[in-house]
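If you count the sequence shown from 1, position 91 lands on 163 in the numbering used here, and the numbers rise without skipping. Step one of this worksheet: look at the structure below.
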Amino acid sequence: AQEEFNALWNIIVSTRKGFLGNVENMVNAQRNGQKVDVALLKRMHSELEKIGNENIWEEFMLLISEREWYKKLNNTYPTLTTVLRRCCVLTRADYSTQSAAELLNVGPRTVEHYRNTLRHIFGLEPRADLTEFLLRF
73 AQEEFNALWN IIVSTRKGFL GNVENMVNAQ RNGQKVDVAL LKRMHSELEK
123 IGNENIWEEF MLLISEREWY KKLNNTYPTL TTVLRRCCVL TRADYSTQSA
173 AELLNVGPRT VEHYRNTLRH IFGLEPRADL TEFLLRF
């Protein structure tokens with residue numbers, strides 16, 4: 073299950089990084105006085121938005137081996153925001169704060185804030201082990 077999870081995350085991250093690399097190359101080309109293909113840039117922007125699209129995240133969540141766990145999380149806590157659900161999945165998979173931050177495109181302190189918010193929602197003490205709670209959930 074962990075290998076499948078990691079493989080899927082690597083696909084998502086590498087795809088996103090690939091697009092960002094292409095955008096960076098285009099920006100550098102423009103800085104060097106080269107013409108930039110605006111149509112290509114718009115297509116790349118559109119594709120990059122699709123990568124972060126909710127549908128991709130939902131498909132990813134359903135592909136992980138703990139499908140029933142994810143359904144139970146959504147059914148028990150239907151008001152959890154998308155980002156908090158994502159944080160639950162990463163925390164349950166024991167991703168570090170830094171790794172989770174990179175995958176969520178936020179800073180480490182924001183991930184800490186998300187985790188504290190989750191503790192509050194789940195009725196846990198501020199120092200409670202959120203990973204353990206999510207594994208037992």
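Glycine residues also receive a C-beta, built at the ideal position from the N, C-alpha and C atoms.
Quiz item: Is there contact here, the stretch 152 to 166 with the stretch 182 to 200, by at least three beta-carbon pairs under 8 Å?
Solution: Judged by Cβ distances under 8 Å, the stretch 152 to 166 makes contact with the stretch 182 to 200, as three or more pairs qualify.
Practice problem: Report the option in D166, E204, C159 whose CA atom is closest to the CA atom of T182. | Solution: Taking the sequence shown and counting its residues from 1, the one referred to as residue 182 is at position 110. The shortest C-alpha separation from T182 is found at C159.
Quiz item: What are the start and end residues of the alpha helix (DSSP H) that includes R158?
Solution: As a first step, residue 158 is located in the sequence shown; it is residue number 86 there, counting from the start. Run containing R158: 154 to 164, per the alpha helix (DSSP H) assignment.
Quiz prompt | Selected residue, minimal CA-CA separation from R208, among A165, N100, N97 | solution = Position 136 of the sequence shown, counting from 1, holds the residue named residue 208. Out of A165, N100, N97, A165 has the C-alpha closest to the C-alpha of R208.
Quiz prompt | CB-CB length for T169 against T203, believed under 8 Å | solution = Counting from 1 along the sequence shown, the entry for residue 169 is found at position 97. Counting from 1 along the sequence shown, the entry for residue 203 is found at position 131. So it is not a contact: roughly 11 Å between Cβ atoms.
Quiz item: What is the rounded straight-line gap between the Cα of G105 and the Cα of V99?
Solution: Residue 105 sits at position 33 when you count from the first residue of the sequence shown. Residue 99 sits at position 27 when you count from the first residue of the sequence shown. Counting only the Cα atoms, V99 lies some 10 Å from G105.
Quiz item: When you compare only the Cα positions, how much space is there between N94 and R103?
Solution: Stepping through the sequence shown from its first residue, residue 94 is reached at position 22. Stepping through the sequence shown from its first residue, residue 103 is reached at position 31. Rounded to the nearest whole angstrom, the C-alpha separation of N94 and R103 is 14 Å.
Quiz item: So, helix, strand or coil for P180, using DSSP?
Solution: Within the sequence shown, the letter at position 108 stands for residue 180. Looking at P180 - three-state DSSP - the assignment turns out to be helix.
Quiz item: So L196 is in the alpha helix (DSSP H); what residue range does that whole segment cover?
Solution: Residue mapping note: residue 196 aligns to position 124 of the sequence shown, counting from 1. That residue, L196, is in no alpha helix (DSSP H); it is neither H nor E in DSSP.
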